[in-house]
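Here the structure comes first, spelled out in structure tokens, and everything after it is commentary.
2 protein chains.
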Amino acid sequence: MKPLRVAIIGFGKIAADQHVPSIESNPRFQLAGTSSREGKGPQPNFTDWRELIRSVDGLDAVAITTPPSVRYDIARECLEAGLHCLLEKPPSVGLADIHDLACLAEAKGLTLYTTWHSQHSAGAEAAGRALAGKRVAKMEVRWQEDVHKWHPGQQWIWEPGGFGVFDPAINAFSILTRIIPDGIFVKSADLAFPSNAHTPVAGEIAFTSPAADGPMTCHLDFLRKEGEDWTIEITTTDGLNVRLERGGSDLFLNGERQDIDSPGEYPGIYREFADLLDERRSSVDVAPLRLVADCLLVARRTQADPIFM
Amino acid sequence: MKPLRVAIIGFGKIAADQHVPSIESNPRFQLAGTSSREGKGPQPNFTDWRELIRSVDGLDAVAITTPPSVRYDIARECLEAGLHCLLEKPPSVGLADIHDLACLAEAKGLTLYTTWHSQHSAGAEAAGRALAGKRVAKMEVRWQEDVHKWHPGQQWIWEPGGFGVFDPAINAFSILTRIIPDGIFVKSADLAFPSNAHTPVAGEIAFTSPAADGPMTCHLDFLRKEGEDWTIEITTTDGLNVRLERGGSDLFLNGERQDIDSPGEYPGIYREFADLLDERRSSVDVAPLRLVADCLLVARRTQADPIFM
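For the record, the sequence lines run as chains F and S.
Residue 1 is where the first sequence starts when you use the numbering used here, and the numbers rise one by one after that.
Residue 1001 is where the second sequence starts when you use the numbering used here, and the numbers rise one by one after that.
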């Protein structure tokens, strides 16, 4: 089978660390080019993505790994040009534009794939299977990390559309929307906004679900220096304890660590992309971004100390 | 044809002023009962909506006109009980719950109808027809009113989930999503939050659209004492000027007021509800609420003076 020629638009850390090796190790794909404003990335490399999609022969698809705010315009032009599109998470800053891209992809018979890498973590799928058909007695999410360590100097996180603590938390949300055995909804959201920021630095979220009989809480903190934590812990009404640690990498059932065979997050994403392309299907999942929007719609706002990057 | 028996859940001002007369003047419907915590509204009247849906014989449908925050739980139980549901605007505070209700209604073969009364204003549909197939050269929306006049003492507007200035503005958004001849997206949103409120009191929104070549601006102000204004003005690239005034009641084309035969907003809603019920279809439109969510997702926040109701 002829490999699918895919180009990467926006060549930052995630493209170099994850997308390039995942494409290169999957025989279904061939890396056909890259673009970045700085001219980095494997050859052929372009500083203008429009030049890339005009110049590369036999291009089938693009993986768009730019910052979210510019993805809509790029994806729309790529779809108009007949290219299948894979979008890094979150697929965009707003929800209306994703809906528009989904309609356009469907009208053109192209594949649009909104990826959420944490859904491909080693433990997420197995956690979902363990919880299927059960009721939730209690859920606690702790997503607490040091922004200065993971995003040194990245002021954009505090700018409009920068997501703040939702930038990491949306990974937790992307797992929750897959593993909770029914819908999950935001009941309340106490959000702390630094006095010099447009996005929150911490949050206490209460969720509800038709599948839950007890409290579902979520603690978000982007200034956690000691004891960083990316844990989802769920106890079911029949006494099963499901704990995902390290962002879904480790799964414990009743305290016992599970041995899971997994291709890894980004190799898993490209396997699914190949399946979608074979079947000319799209996978457009807005549920994690919708939970962020719902947090903002119901938010109780408090002011926090100014942030300095 | 046997009239459809509909009950009203949540009997406030909008139910008394609009829903009751619209139901009573439409021969397709029969008002089968009402519920409100205070025991107001036409008989049979219940203080508990669960008692209402258990007690009323041959009930077909409910119109849920409570505040948005409690609508999801009520609608879910009503759908589970086999009742068609009409929801006042906005259908809920969050987006995930509407998606859940839409899935449930579809699974049960029931009609779910999210109403947006301004879409039934005399001028909205005609404005949409006038703009069809055209390109936007310029759009300006002014939605400016005195909260103290229209919502005296209503502190809930400033509480979490109260929407603030988006409570009126979502009416404008509900018209825009119908009349702009392509998608409409939020580009930026400068929102002013009173220091003692959880929702914004004013906003400057910039929209974009694939159908627009020029600026699309929207000025929201909830403290406008003089010169209240609910106007949408659009000039097309071929020189047509379309102006909706008084929230869609009046339509001017190139400055000339149009004479439009319209049943009125709520009678129009109940006509559409009858059609949907006849065809066992749902009409679930989240686009206006999604634009509010997108404003919050991209928001640039400023602090405003405290608000006193």
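Glycine included, each C-beta is placed from N, C-alpha and C at the ideal position.
Could you compute how far the alpha carbon of residue 1216 (chain S) sits from the alpha carbon of residue 1066 (chain S)? 33 Å
Using a Cβ-Cβ distance under 9 Å, would residue 1296 (chain S) count as near chain F? At a cut-off of 9 Å between beta-carbon atoms, residue 1296 (chain S) makes contact with chain F.
By a C-beta neighbour count over all protein chains shown, 10 Å radius and 16 as the cutoff for buried, is residue 1129 (chain S) buried or exposed? exposed
Go ahead and pull the three-state DSSP assignment for residue 116 (chain F). coil
In whole angstroms, what is the alpha-carbon distance linking residue 1203 (chain S) and residue 1220 (chain S)? 5 Å
Got a sec: which bits of the segment 1089-1112 of chain S sit with their beta carbon under 7 Å from any beta carbon on chain F, in order along the chain? Taking 7 Å as the Cβ-Cβ cut-off against chain F, the residues of the segment 1089-1112 of chain S that qualify are 1093, 1094, 1095, 1096, 1097 and 1100.
Spatial distance of residue 311 (chain F) from residue 1209 (chain S) (CA atoms): Here chain F has residues from 1 to 309 only, and residue 311 (chain F) is not among them.
C-alpha distance - residue 1094 (chain S) paired with residue 1168 (chain S), whole-angstrom precision: 17 Å
Does the beta carbon of residue 76 (chain F) sit closer than 9 Å to a beta carbon anywhere in chain S? yes
Cβ contact (3+ pairs, closer than 8 Å) linking the segment 278-285 of chain F and the segment 1044-1054 of chain S: no
How would you write the range of the alpha helix (DSSP H) that residue 288 (chain F) sits in, first residue to last? Per DSSP, the continuous alpha helix (DSSP H) segment holding residue 288 (chain F) begins and ends at 287-297.
Excluding the 5 residues preceding and the 5 following residue 97 (chain F) in the sequence, name in chain order all residues of the same chain whose CB lies nearer than 6 Å to its CB. Excluding positions up to five away in sequence, the list reads 72.
Who does residue 85 (chain F) pair with in a DSSP beta bridge? According to DSSP, which records beta bridges pairwise, residue 85 (chain F) is partnered with F:62 and F:112.
Please give the ranges of any beta strand (DSSP E) in the segment 1165-1202 of chain S, keeping only runs that are unbroken, at least 3 residues long and fully inside the region. 1185-1194
In the DSSP output, which residue or residues are listed as bridge partners for residue 283 (chain F)? Answer is F:113, bridged to residue 283 (chain F).
So, do the segment 1167-1182 of chain S and the segment 1141-1149 of chain S have three or more beta carbon pairs nearer to each other than 8 Å? With the cut-off at 8 Å, the segment 1167-1182 of chain S and the segment 1141-1149 of chain S touch.
Name the residue from S:1150, S:1256, S:1309 and S:1131 whose alpha carbon lies nearest to the alpha carbon of residue 1228 (chain S). S:1150
In chain S, which residues lie with their C-beta within 7 Å of the C-beta of residue 300 (chain F)? 1160 and 1198
Which of helix, strand or coil DSSP assigns to residue 52 (chain F): helix
Closer than 9 Å to chain F by CB, residue 1136 (chain S): no
Please confirm whether residue 1104 (chain S) and residue 1179 (chain S) have their CB atoms less than 9 Å apart. no
Looking at chain S, is there any beta carbon in it that lies within less than 9 Å of the beta carbon of residue 244 (chain F)? No, its Cβ sits nowhere closer than 9 Å to a Cβ of chain S.
Rounded to the nearest angstrom, what separates residue 1058 (chain S) and residue 1005 (chain S) at their Cα positions? 7 Å
Go ahead and pull the three-state DSSP assignment for residue 33 (chain F). strand
Buried or exposed for residue 1214 (chain S), please, with buried defined as at least 16 other CB atoms from any protein chain shown within 10 angstroms of its CB. Counting Cβ neighbours within 10 Å, residue 1214 (chain S) comes out exposed, since fewer than 16 surround it.
Who does residue 944 (chain S) pair with in a DSSP beta bridge? Residue 944 (chain S) falls outside the range modelled here, since chain S spans only 1001 to 1309, and no answer is possible.
According to a CB-to-CB cut-off of less than 9 Å, which residues of the segment 1274-1296 of chain S neighbour chain F? 1286, 1287, 1289, 1290, 1291, 1292, 1293, 1294, 1295 and 1296
Look at the alpha carbon of residue 1008 (chain S) and the alpha carbon of residue 1031 (chain S), and state the distance between them as a whole number of angstroms. Near 8 Å, if we compare the C-alpha coordinates of residue 1031 (chain S) and residue 1008 (chain S).
Are residue 1019 (chain S) and residue 1063 (chain S) closer than 9 Å when you measure CB to CB? yes
My understanding is that residue 285 (chain F) touches residue 111 (chain F), with C-beta atoms under 8 Å, so please give their C-beta distance in whole angstroms. Contact doesn't hold; Cβ gap of about 14 Å is too wide.
Which residue from S:1301, S:1290 and S:1039 puts its Cα closest to that of residue 1099 (chain S)? S:1290
Taking residue 1188 (chain S) as the query, report the chain F residues whose CB atoms sit under 9 Å from its CB, ordered along the chain. 160 and 161
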